[in-house]
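First comes the structure, then the notes that go with it.
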């Protein structure tokens with residue numbers, strides 16, 4: 009069932025040789041309390057040409073992100089804002105790792121303090137990126153994900 | 031008679047094409063100026079590249095959302111700073127959010143004004159924060175006005191039968 013915050017985009021049409029190598033689905037969760045940022049990040053993720061289907065879902069705070077996982081959802085990539093209401097990025101990252109979530113969790117922040125970014129990494133991130141996210145930054149995340157496969 | 035009509039039609043087509051070309055030139059010049067003046071940065075180009083046939087109004091949608099949400103944030107900031115006991119953590123959270131959203135759409139001057147504001151927040155400097163808030167409001171109104179004009183110019187080009195070329199890099 010597709011929830012209101014979920015979106016499914018068909019990947020690009022490739023010839024049969026490439027489609028054999030391409031993964032079936034890429035699931036991306038965008039966790040950010042700002043609607044503008046969610047919209048841009050969701051569109052960036054949906055344009056990735058690495059899967060036949062790119063499924064994006066959004067959460068507006070850390071607790072929502074946690075609840076999605078508790079209800080059985082899983083994702084390949086989680087884009088996690090550091091400053092979130094109710095439950096912040098580092099808190100929810102720690103919880104997800106404690107639950108055994110193995111997704112690629114990428115911190116996304118406008119903060120430029122190295123100390124804060126390091127603390128966020130220590131919570132369990134695979135990577136921490138500075139806003140704004142671009143197509144290149146997201147593509148390189150997927151490359152890293154593909155290498156780990 | 032037919033030759034004369036065809037000649038007239040050719041002349042009309044040429045003047046219409048000339049009119050469209052002039053509009054497209056004006057649009058390109060206006061857009062380039064926004065980058066040159068530092069009102070927009072390369073992130074705006076990212077938004078343009080995300081726009082496609084499946085979502086032909088993506089840029090206008092995101093920017094309109096930015097306008098609405100920012101106006102609310104700016105009102106919240108005005109209210110926060112007017113309190114007897116200013117909650118700087120709350121002020122900082124709002125400015126931080128505005129910094130994030132403005133950087134995500136390429137509103138460079140708004141983003142830079144937020145950076146300065148956060149410094150005054152950390153110092154708990156109310157007069158500094160108030161000055162910064164005024165600056166952010168000015169930069170916001172400027173980018174809003176400029177982008178609204180840009181969208182109108184784009185609409186005129188499309189209405190005249192032209193298309194909006196995607197700028198690969200700002201011409202500075």
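Chains as they are written, first to last, in our numbering: chain A, 9 to 157; chain B, 31 to 202. Every residue gets a Cβ at the ideal spot worked out from N, C-alpha and C, and that includes glycine. Quick caveat, the model's predicted, so the values are computed rather than measured.
So with CB distances below 7 Å, who are the chain A contacts of residue 96 (chain B)? 44
Do residue 151 (chain B) and residue 166 (chain B) have their CB atoms nearer than 8 Å? no
Under 7 Å by beta carbon: chain A residues contacting residue 67 (chain B): Result: empty, since nearest Cβ-Cβ is about 19 Å, beyond 7 Å.
If we call anything under 8 Å between Cβ atoms a contact, is residue 87 (chain A) one with residue 36 (chain A)? yes
Per the DSSP calculation, residue 136 (chain A) is bridged to which residue(s)? A:115
Using 10 angstroms around the beta-carbon of residue 61 (chain B), count the other beta-carbons present and answer buried if the total reaches 16, otherwise exposed. buried
Residue 141 (chain B): buried (16+ other C-beta within 10 angstroms of its C-beta) or exposed? buried
Is residue 126 (chain B) near the ligand SAM, with its Cβ less than 7 Å from a heavy atom? No copy of the ligand SAM appears in this structure; indeed no ligand is present at all.
Can you check DSSP and say which residues form a bridge with residue 17 (chain A)? A:62
Give the range of the alpha helix (DSSP H) segment to which residue 124 (chain A) is assigned. 122-130
Along chain B, in chain order, which residues have C-beta atoms closer than 7 Å to that of residue 59 (chain A)? None at all; the shortest Cβ gap to chain B is about 17 Å.
According to DSSP, is residue 144 (chain A) part of a helix, a strand, or is it coil? helix
Which residues does DSSP list as the beta-bridge partners of residue 91 (chain B)? DSSP output for residue 91 (chain B) lists no bridge partner at all.
To be precise: take each residue of the segment 181-195 of chain B, compare its Cβ to all Cβ atoms of chain A, and keep it if any distance is under 7 Å. Which residues remain? none
Considering only the beta carbon of each residue, do residue 98 (chain A) and residue 69 (chain A) sit closer than 8 Å? no
Mapping the DSSP letters down to three states, classify residue 85 (chain A) as helix, strand or coil. strand
CB contact check: residue 140 (chain A) to chain B, cutoff 8 Å: yes
Which stretch, first to last residue, makes up the beta strand (DSSP E) that contains residue 33 (chain A)? 31-39
Output, in chain order, the set of chain B residues within a Cβ distance shorter than 8 Å of residue 63 (chain A). Within chain B, no residue comes near residue 63 (chain A); the closest Cβ sits about 16 Å away, beyond 8 Å.
In the DSSP assignment, find the unbroken alpha helix (DSSP H) run with residue 142 (chain B) in it and report its ends. 138-152
What residues in the segment 96-117 of chain B have a beta carbon less than 8 Å from any beta carbon of chain A? 96, 99
Would you kindly work out how many angstroms separate the C-alpha atoms of residue 100 (chain B) and residue 53 (chain A), rounded to a whole number? 24 Å
Selection from A:14, A:18, A:46 that minimises the alpha carbon distance to residue 130 (chain B): A:46
Alpha carbon of residue 138 (chain B) to alpha carbon of residue 71 (chain B), nearest angstrom: 6 Å
Please state the DSSP three-state secondary structure of residue 122 (chain B). helix
With 16 as the cutoff for other CB atoms within 10 Å, does residue 148 (chain B) come out buried or exposed? buried
Neighbouring residues, chain B, relative to residue 137 (chain A) (Cβ below 8 Å): Neighbours of residue 137 (chain A) on chain B: none; closest Cβ ~12 Å, over 8 Å.
Let me know if residue 85 (chain A) comes out buried or exposed under the rule of 16 or more other beta-carbons within 10 Å of its beta-carbon. buried
What is the DSSP secondary structure of residue 85 (chain B), counted as helix, strand or coil? strand
By the 9 Å beta-carbon criterion, what residues does the segment 146-170 of chain B contribute toward chain A? none
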